[in-house]
Amino acid sequence: MNSLDQALSHKRFAWIGSETKAEATWVCQTCGLIEPKFWPINGHYIRQRCQCEIDEEQRLLKEKRRQDEMIFLARRTYEWLGRGWSDAPLVQKTFENFRAERQQDAYDMARMFALEPQGTLVLHGNYGTGKTHLLAAICNEIRLRLIGSHFVTAPKLFKAIQEKIQYNEDYNGIIHYASHAPLLVIDDIDKAKASEFREEIYFEIIDERTKRGLPIAISTNRLEDLANYVGGAVCSRLSIGQIAVPMNGADFRMGMEPVEGTITPIRGGN
Ligand SMILES: Nc1ncnc2c1ncn2[C@@H]1O[C@H](COP(=O)(O)OP(=O)(O)O)[C@@H](O)[C@H]1O
Ligand SMILES: [Mg+2]
Ligand SMILES: [Zn+2]
208 MNSLDQALSH
218 KRFAWIGSET
228 KAEATWVCQT
238 CGLIEPKFWP
248 INGHYIRQRC
258 QCEIDEEQRL
268 LKEKRRQDEM
278 IFLARRTYEW
288 LGRGWSDAPL
298 VQKTFENFRA
308 ERQQDAYDMA
318 RMFALEPQGT
328 LVLHGNYGTG
338 KTHLLAAICN
348 EIRLRLIGSH
358 FVTAPKLFKA
368 IQEKIQYNED
378 YNGIIHYASH
388 APLLVIDDID
398 KAKASEFREE
408 IYFEIIDERT
418 KRGLPIAIST
428 NRLEDLANYV
438 GGAVCSRLSI
448 GQIAVPMNGA
458 DFRMGMEPVE
468 GTITPIRGGN
């Protein structure tokens, strides 16, 4: 149970145990004397809540609903292929914890894109320059406005499809979700080897999204090679309203402390 759940259950059952009139009478500093209610069935008095308590419970309930919604959207963003393909730790990557001065142009563009996602955003450049971080920050930022997105790395997307094929399961659900999400993020598009099958999958997804005017954000190490991975037809569709931002410079990972623990689950408060 998280602290919000605890606060809510405490409030809900606060009246239990009131017996005599004196025990069940109390004074609120704002509302004044709060008289109890007599319960003729057992002859007990029941403590009554004042308006401040009712308002506070409403506030907690609203906060809880928002927290639940955030968790739901985080799962939809990072676990839409199933728990086995989770990218849950990316919930922690935000614009606030990105050092903007290291990649000012990319940071500004990503922020702008997050304000009103449209067209295609391409972050391209060296390893460790913050491409994945900024893509996740976009998803997490729009999540605060209750807009869902699907984040996936290209290798995971194809492994998940491959797994479905292996078990003779239909993989059209994956294509459907990827084609219709309010925002689709494909990270490391150049890390899944090119093949005719993969080009077809990209085509199905991107063609549908282009027709619907739905935005997409991708990352790749080399923009020049994009057509090799997604195919010419997809590359041309991705050029509609494209903003391509180079991200070069030192690998940020070089100066980082090792991270302890394993996978961070998606839970309340994030
Ligand atoms: N400018 C930055 N500010 C804060 N953290 C950063 C920055 N750039 C990269 N990182 C961190 O460095 C690590 C590698 O960055 P990542 O986004 O995975 O790089 P890329 O996707 O470009 O290879 C991540 O933990 C990321 O959060
Ligand atoms: Mg990356
Ligand atoms: Zn009160």
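Per my numbering, the very first residue in the sequence shown carries number 208; after that it's consecutive. Heads up, the beta-carbon is just placed ideally off N, CA and C, and yes, glycines get one too.
How is the alpha helix (DSSP H) around glutamate 237 delimited, first residue to last?
-> Translated into the one-based positions of the sequence shown, residue 237 becomes position 30. The sequence shown places threonine at residue 237, not glutamate. Segment: none, threonine 237 is in no alpha helix (DSSP H) and carries neither H nor E.
Could you give the DSSP three-state label for tyrosine 252: helix, strand or coil?
-> What you label residue 252 is simply residue 45 of the sequence shown in a count that begins at 1. Tyrosine 252 sits in a strand when the DSSP states are folded into three classes.
With a Cβ-Cβ cutoff of 8 Å, do glutamate 403 and serine 386 count as a contact?
-> What you label residue 403 is simply residue 196 of the sequence shown in a count that begins at 1. What you label residue 386 is simply residue 179 of the sequence shown in a count that begins at 1. Result no, Cβ atoms of glutamate 403 and serine 386 do not sit closer than 8 Å.
Please report the residue range of the alpha helix (DSSP H) in which lysine 418 lies.
-> Residue 418 sits at position 211 when you count from the first residue of the sequence shown. Residues 403 to 419.
Assign tryptophan 292 to one of three DSSP states: helix, strand, or coil.
-> Here residue 292 corresponds to residue number 85 of the sequence shown, with the count starting at 1. In this structure, tryptophan 292 counts as helix in the three-state DSSP scheme.
Short check: CB of aspartate 394 to CB of serine 356, under 8 Å?
-> For the purposes of this step, residue 394 is identified with residue 187 of the sequence shown, where counting begins at 1. For the purposes of this step, residue 356 is identified with residue 149 of the sequence shown, where counting begins at 1. No. Outside cutoff.
So which of Lys228, Trp233 and Thr237 has the shortest CA-CA distance to tryptophan 246?
-> The residue given as residue 246 occupies position 39 in the sequence shown. Comparing Cα-Cα distances from tryptophan 246 to each of Lys228, Trp233 and Thr237, the minimum goes to Lys228.
When you compare each of Glu226, Asn428, Leu322 and Ala361 to glutamine 255 by their alpha carbons, which one comes out closest?
-> Along the sequence shown, read from residue 1 onward, the residue named residue 255 stands at position 48. When only C-alpha atoms are compared, the closest one is Glu226.
Same chain, Cβ closer than 8 Å to alanine 344, neighbours up to 5 away in sequence not counted | As a first step, residue 344 must be located in the sequence shown, where it is residue number 137. Cβ within range, chain order: Lys300, Thr301, Phe302, Phe305, Ala317 and Ala321.
When DSSP labels each residue in this structure, what does asparagine 477 get in the three-state scheme?
-> Locating residue 477 in the sequence shown gives position 270, where the first residue counts as 1. Caution applies to asparagine 477, whose pLDDT of 39 falls short of 50 and renders its modelled position unreliable; the value that the coordinates give is listed next. Of the three classes helix, strand and coil, the one that applies to asparagine 477 here is coil, per DSSP.
Skipping 5 residues on each side, what residues in its chain have a beta carbon closer than 7 Å to that of serine 210?
-> Reading the sequence shown from its first residue, position 3 is the one you call residue 210. Excluding residues within five positions, none has a Cβ falling inside 7 Å.
The alpha helix (DSSP H) spanning aspartate 315 covers which residue range?
-> Position 108 of the sequence shown holds residue 315. Run containing aspartate 315: 311 to 322, per the alpha helix (DSSP H) assignment.
Would you kindly work out how many angstroms separate the C-alpha atoms of aspartate 294 and tyrosine 252, rounded to a whole number?
-> Here residue 294 corresponds to residue number 87 of the sequence shown, with the count starting at 1. Here residue 252 corresponds to residue number 45 of the sequence shown, with the count starting at 1. Aspartate 294 and tyrosine 252: Cα-Cα distance of roughly 53 Å.
Between glutamate 270 and methionine 277, what straight-line distance do the alpha-carbon atoms span, to the nearest angstrom?
-> Within the sequence shown, numbered from 1, the residue matching residue 270 stands at position 63. Within the sequence shown, numbered from 1, the residue matching residue 277 stands at position 70. Cα-Cα distance, rounded: 10 Å.
Three or more C-beta pairs closer than 8 Å, one from the segment 450 to 461 and one from the segment 329 to 341: is that the case here?
-> yes
Please state whether DSSP places arginine 424 in a helix, a strand or coil.
-> Mapped onto the sequence shown, residue 424 falls at position 217. For the record, residue 424 in the displayed sequence is alanine; it is not arginine. Under the three-state reduction of DSSP output, alanine 424 falls in the strand class.
Mind checking whether alanine 313 and leucine 341 have CB atoms under 8 Å apart?
-> Counting from 1 along the sequence shown, the entry for residue 313 is found at position 106. Counting from 1 along the sequence shown, the entry for residue 341 is found at position 134. Yes, the pair counts as a contact, with Cβ atoms nearer than the cut-off.
Continuous beta strand (DSSP E) stretch holding phenylalanine 245: start and end | Your numbering for residue 245 matches position 38 in the sequence shown. Phenylalanine 245 -> beta strand (DSSP E) spans 244 to 246.
Going by alpha carbons, who is nearest to arginine 429 out of Lys398, Gly239 and Pro362?
-> Walking along the sequence shown from the start, residue 429 turns up at place 222. With distances taken between Cα atoms, arginine 429 lies closest to Lys398.
Name the residue from Ile368, Val359, Leu280 and Ile241 whose alpha carbon lies nearest to the alpha carbon of cysteine 259.
-> As a first step, residue 259 must be located in the sequence shown, where it is residue number 52. Ranking the options by Cα distance to cysteine 259, first place goes to Ile241.
Leucine 353 (DSSP reduced to helix, strand or coil) = Along the sequence shown, one-based indexing puts residue 353 at 146. Here leucine 353 sits in coil by DSSP.
Within 10 angstroms of its Cβ, does lysine 363 collect 16 or more other Cβ (buried), or is it exposed?
-> Your numbering for residue 363 matches position 156 in the sequence shown. By the neighbour-count rule (16 or more Cβ atoms within 10 Å), lysine 363 is buried.
Do glutamate 264 and ligand 3 come close, with the Cβ less than 7 Å from some heavy atom?
-> Residue mapping note: residue 264 aligns to position 57 of the sequence shown, counting from 1. Incorrect: glutamate 264 has no Cβ contact closer than 7 Å to ligand 3.
Could you tell me whether any non-hydrogen atom of ligand 3 is closer than 7 Å to the CB of glutamine 255?
-> The sequence position of residue 255 within the sequence shown is 48, counting from 1. In this structure, ligand 3 has no non-hydrogen atom nearer than 7 Å to the beta-carbon of glutamine 255.
Compute every distance between the C-beta of glutamate 260 and the non-hydrogen atoms of ligand 3, then say whether any falls below 7 Å.
-> To locate residue 260, count along the sequence shown from 1; it is residue 53. Yes, ligand 3 has a heavy atom inside 7 Å of this Cβ.
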